[in-house]
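Numbering (the working numbering), first residue to last: 463 to 601. Idealized CB from N, CA, C, for every residue including glycine. Being a predicted model, the structure only gives us computed values, none of them experimental. These notes are about the structure you will find just below.
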Amino acid sequence: MAFMHYTRDNMASLLRSHDINPTHQRIEIAYALFSRQEHLSADQVMAIVNTRHSETSKATVYNTLKLFLEKGLVREVIVDPSKVFYDPNTRPHHHLYEVDSGRLSDIDAAHVRISGLPALPEGMVTEGIDLIVRVRRAQ
């Protein structure tokens, strides 16, 4: 279900469409992600949510993001072991990660061609390919 304009009111419907019970805190966490359409870390989500509702704990944010991930509501983008972002865009796409600034942006999958993948083991199919292009300013 895609909304042109995300509001707290339509977050409950979005959550229900992914079989997620829309509690107050889950609505606020979903709103933080979807209203901005940005790649956010769990700490960034918590900071945004707590500007309105300071009762949301770190454990609640992490558990909710894990639930959203399991239900296919968001994607997890791991740019390195210490930097994990949550992406509300679940359509096929890749990412450009600016190492210097920490900025993560989308690359349309239609603009990328990948060749030379190894043969898959018997009985296996490709589920997806996540490409992260890491860039930094030239010295």
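Check                                                                                                        : Outcome
Helix, strand or coil at V536 according to DSSP, with G and I counted as helix                               : coil
R514 classed as buried or exposed, judged by whether at least 16 other C-beta atoms fall within 10 angstroms : exposed
Strand pairing of E560, partner residues [DSSP]                                                              : R565, V597
Reduced DSSP secondary structure (H/G/I, E/B, other) of L608                                                 : Because the chain here runs from 463 to 601, residue 608 falls outside it and cannot be looked at.
Endpoints, the alpha helix (DSSP H) within which V511 is located                                             : 504–514
Option in S497, G534, D570, G585 with minimal Cα separation from R478                                        : G534
Y493: first and last residue of the uninterrupted alpha helix (DSSP H) it sits in                            : 486–496
Reduced DSSP category for Y468 - H, G, I as helix; E, B as strand; rest coil                                 : coil
Beta carbon of V541 nearer than 9 Å to that of T552                                                          : no
Rounded straight-line distance, which links the Cα of E532 to that of A572                                   : 26 Å
Buried or exposed by the 16-neighbour rule on C-beta atoms within 10 Å, applied to P583                      : exposed
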